[in-house]
Amino acid sequence: MIRSLFGAATLAATLALGASAYAQAPTPNGAPTTACLSRFTPVALPVHRGADIASKQILICRDGYVLSFNKATRNPDWVVERLTPAALKGSAKRSDKFLTDPAAGEFSPTAKDYSDPVNPRDRGHQAPAADFKFSQPQTDDSFYMTNMSPQVGPGFNRAQWRFLEEDVRAAVLCGGHEDVIVITGPIYGSSGTWIGQNKQKILSPAAYFKILYDVRTGRTVGFRLDNKAYKKTPTDTFIAPIEDLEVETGLDFFANLSRRDQNLLERRKGIFWGHGQACSNTVKE
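End of the sequence shown = 933 in our numbering, gap-free, step of one.
This is the structure:
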């Protein structure tokens, strides 16, 4: 649940600084099917707060993930996956072919939109390609540009953020958490940076969050990482109360749970679940 509108207000101020290049267009017709969305019913999809938020969103549901794409920031505000050991095993390979997303129409970023010599950023997966090794089509789907967010490359997307993704996969493969919903997205903040050399720019967020929910046990844990280069740091360092992440993002998580359960899960900081070392190579990209 949301206990402050600070996150929404900060985002609104940030958008006002850099998103005046175009007017909002209506979301394309054709909502995702109930079957596509039903995988995530244990907790419900994140809920946006704010009167004008809905007009800025495009809900995109694919076989491997569902996301809410923000037409103003040109980021996914959130991406939700459901991980099992079976999904993480297979021979699918990264295509490294980044795709403009027809589901987002004119708002979809292109690979060239990330070209910015002043503020270089990686095209950072929010649902990682390595989460879909059992399926080549789903691995390929992870390269749609609507699943990307501008991340600092050295020390973050190619290091600390990747280490977090690997630890999540290891918890599913080797840690006994065999049905996990993962919610990932940006924290725009007041220090987000608009990048790109085209008229329609992209907001590079100040930070990122990742939330895990074990469907079988009801255990949760949240993480928050600034969008910056790190020296290698233990994953536990970045654990954050989900309640705090709600404030920063303006999102409501776990809306299908009772108010009591939301309070219990969101107010405590939690601990990471851990895993055996046997997965150290298996979970790498």
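C-beta: ideal position from N, C-alpha, C; glycine also.
If you check the CB distance, T868 and S852 do not come in under 8 Å. Two segments are said to touch when three or more pairs of C-beta atoms, one from each, lie closer than 8 Å; by this definition the region 791 to 802 does not touch the region 888 to 897. Within its own chain, the residues whose Cβ lies closer than 6 Å to the Cβ of A692, once the five positions on either side in sequence are excluded, are A903, N904, listed in chain order. Straight across, the Cα-Cα distance linking D862 with R817 is about 13 Å. In the structure shown, D711 falls within a coil segment according to DSSP collapsed to helix, strand and coil. Around the beta carbon of D725, a 10 Å sphere encloses 16 or more other beta carbons of the protein chains shown; the residue is thus reported as buried.
Between G844 and T865, the alpha-carbon positions lie close to 43 Å from each other. Contact between D874 and A855 holds: CB atoms are separated by about 5 Å, below the 8 Å threshold.
Under DSSP, P798 shares a beta bridge with R771.
Note on geometry: alpha-carbon atoms of F857 and Y836 lie some 11 Å from one another.
Taking C-beta separations shorter than 8 Å and ignoring five residues to either side along the sequence, the partners of K781 in its chain run A735, L736, K737, G738, S739, A740, T787, following chain order. If you compare the alpha carbons of N795, F804, C822, T885 with that of G712, the shortest gap goes to N795.
Closest option to E933, judged by alpha-carbon separation, among Q848, E813, N846, D892: E813. E754 counts as exposed, since fewer than 16 other beta carbons sit within 10 angstroms of its beta carbon. Within the same chain, and ignoring the five residues on either side of A751 in sequence, the residues whose Cβ sits closer than 6 Å to its Cβ are I708. Closest in alpha carbon position to D744, among R771, T885, V820, is R771.
By the neighbour-count definition (other C-beta atoms within 10 Å, threshold 16), I850 is a buried residue. Per DSSP, the beta bridge partners of A855 are I835, D874.
If you keep only unbroken beta strand (DSSP E) runs of at least 3 residues inside the region 804 to 836, you get 828 to 835. Counting other Cβ atoms within 10 Å of its Cβ, K704 reaches 16 or more and is therefore classed as buried. Contact between the region 906 to 916 and the region 875 to 895 is present: three or more C-beta pairs spanning the two stretches fall below 8 Å. Between the alpha carbons of F901 and S716 lies a gap of roughly 14 Å. One thing to note: T832 has its Cβ within 8 Å of the Cβ of A775. Counting only residues of its own chain and dropping the five nearest sequence neighbours on each side, V727 has a CB closer than 7 Å to the CB of Y713, L715, Q774, A775, N795, T832, G833.
D764 carries a coil assignment under DSSP once its states are collapsed to helix, strand and coil. Among the bridge pairs identified by DSSP, W842 is matched with L851. The beta-bridge partner set that DSSP reports for D900 consists of V695. DSSP places L860 in the strand class (E or B) of the three-state scheme.
Per DSSP, the beta bridge partners of N718 are Q705, N723. L747 is bridged by DSSP to Y792.
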